[in-house]
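This report refers to the structure that appears directly beneath it.
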Amino acid sequence: MASPTVAANAYASLARILNPGEAGKGSDTGTGTGPSFSALLKDAMGSVLETGRKSDAQTVAMAAGKANVMDVVTAVAETDVAVSTLVSVRDRVIQSYEDIMKMTI
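Anchor point for the sequence shown: position 26 equals 25 in numbering that gives the first Met the number 0, and the numbering is continuous, going up by one each time.
Rendered as structure tokens:
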């Protein structure tokens, strides 16, 4: 299990990556042919946020009587899967960081 300090550092790093004011400090393409890790992470976060927004919109539409209950349940389930996946990736990144810090040089 990750300590609060490690989790806080991971969240702070993620906030720096997602801050659009610092976009000029790094490369979006990295050294390989594909996108960099920060670009992939940014896309994943955007995808989770968009899924949450769609779920919220479906919920509001249902409250107004304009949406089907099944659409709302599907949107909420998709959001749950997206958030669970994001949390799993976050936990794995923190665990990997802890493993690297335990290595002897």
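Idealized CB from N, CA, C, for every residue including glycine.
- In the DSSP assignment, lysine 101 falls within the alpha helix (DSSP H) that extends over 68-101.
- About 5 Å separates the Cβ atoms of valine 71 and methionine 61, confirming a contact at the 8 Å cut-off.
- Annotation: the continuous alpha helix (DSSP H) that includes serine 54 extends over 36-62.
- When the five nearest sequence neighbours on each side are left out, no beta carbon in the same chain lies closer than 6 Å to the beta carbon of glycine 64.
- Between serine 54 and threonine 78, the C-beta spacing is below 9 Å.
- The alpha-carbon separation between threonine 58 and proline 34 amounts to approximately 34 Å.
- In terms of Cβ geometry, valine 82 and alanine 43 do not form a close pair [threshold 9 Å].
- The beta carbon of asparagine 67 sits closer than 8 Å to the beta carbons of Met61 from its chain, once the five residues preceding and following it are set aside; these are given in chain order.
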